[in-house]
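S.K.: Following this message is one structure expressed as structure tokens.
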Amino acid sequence: MGNEFKGSKNHPFKDLHFGYLMHCLVFHSQLDFDDFMHIDDVWLELEVRLQFFTDKTPFK
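Next comes the structure, spelled out in structure tokens:
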């Protein structure tokens with residue numbers, strides 16, 4: 094994911110490398126800069142769903 098502040102000259106986040114979670118928090122949430130400065134802990138809950146196919150046909 095990219096940092097949309099990279100081209101900015103004065104933004105405090107301009108030199109940070111963002112992962113997907115940080116990108117979503119910064120660019121797709123209603124939080125403003127002061128809100129981010131007050132975050133000191135993050136709790137993540139993940140639901141992992143696996144989908145796969147196994148061919149059990151014996152070789153001939």
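Sequential numbering from 94 applies to the sequence shown in my numbering.
Glycine included, every Cβ here is placed at the ideal spot set by N, Cα and C.
Are H104 and F111 closer than 8 Å when you measure CB to CB?
M.R.: No. Outside cutoff.
S.K.: Distance check for F152 and D128, CA to CA, integer angstroms please.
M.R.: 60 Å
S.K.: I need the boundaries of the alpha helix (DSSP H) containing V119, first residue and last residue.
M.R.: Start and end: 113-120.
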